[in-house]
Amino acid sequence: MDGTHVRVSLPMDEQIPYIGRKWFSTQNIMAVCGFDMLFTFVWPKWEGSAHDTRIFLEALRNTELKFPKPPDVDIVDKYYLVDAGYPNIKGYLTQYKGERYHLPIFRTSGQPAESRETFNYVHS
Numbered sequence: 001m002d003g004t005h006v007r008v009s010l011p012m013d014e015q016i017p018y019i020g021r022k023w024f025s026t027q028n029i030m031a032v033c034g035f036d037m038l039f040t041f042v043w044p045k046w047e048g049s050a051h052d053t054r055i056f057l058e059a060l061r062n063t064e065l066k067f068p069k070p071p072d073v074d075i076v077d078k079y080y081l082v083d084a085g086y087p088n089i090k091g092y093l094t095q096y097k098g099e100r101y102h103l104p105i106f107r108t109s110g111q112p113a114e115s116r117e118t119f120n121y122v123h124s
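Following full-length UniProt numbering, the residues of the sequence shown are numbered contiguously, the last one being 124.
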């Protein structure tokens, strides 16, 4: 699960909410893939200024979306892997915060040095 920004062309009077960290107008699209690498959910509604966490939490709340959720059981044995922009909550597993997790950083600064970095490397 991850969000991606797609550049959009809008009239000048509509651009402000779509300008986020990319410094140009984008639409933030949340997408979920299964282990077969097929999309199971895509939500292309959001302005570029919307944070991934905001979109994720709204998808969890909105029952009409049919957002893929892990089974609601006490012991979770399957998780959705999510990007660092998402919260680490039951059924959704993100990287360790404060540790390296982008593959290009590992390529330039060497292999993981300890267990948390190893997890982040494999997660990426």
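In this text, a Cβ means the ideal position worked out from N, Cα and C, and glycines have one as well. The structure displayed is predicted, hence computed values, not measured ones.
Tell me the rounded alpha-carbon separation between Ser109 and Val6.
29 angstroms
Write down the C-beta distance between Met12 and Val32 rounded to the nearest angstrom, noting that I regard them as a contact closer than 8 angstroms.
Actually they are not in contact, since the Cβ atoms of Met12 and Val32 sit about 33 angstroms apart, beyond 8 angstroms.
Can you name the start and end residues of the alpha helix (DSSP H) that Arg116 belongs to?
Ser115 to His123
Cβ distance (whole Å) where Ser49 is taken to contact Pro87 below 8 angstroms:
Going by Cβ atoms, the distance from Ser49 to Pro87 rounds to 19 angstroms, so no, they are not a contact pair.
Name the DSSP bridge partner or partners of Met30?
Gly3 and Trp43
For Leu93: DSSP bridge partner residues
Leu81
If you run the structure through DSSP and keep just helix, strand and coil, what is Ser25?
strand
Quick check on this structure: which residue in Gly98, Trp46, His102 and His123 has the alpha carbon closest to the alpha carbon of Ser25?
Trp46
Between which two residues does the alpha helix (DSSP H) harbouring Leu109 extend?
Note on residue identity: the sequence assigns Ser, not Leu, to residue 109. From DSSP, the alpha helix (DSSP H) with Ser109 extends over Leu103 to Ser109.
Proximity of His123 and Gln95 at Cβ, strictly below 9 angstroms
yes
In chain order, what residues of the same chain have a beta carbon less than 6 angstroms from the beta carbon of Thr4, not counting five sequence neighbours either side?
Ile29
Could you tell me how far apart the beta carbons of Phe67 and Phe39 are, in whole angstroms, since I believe they sit closer than 8 angstroms?
The pair is not a contact, with the Cβ atoms about 13 angstroms apart (cut-off 8 angstroms).
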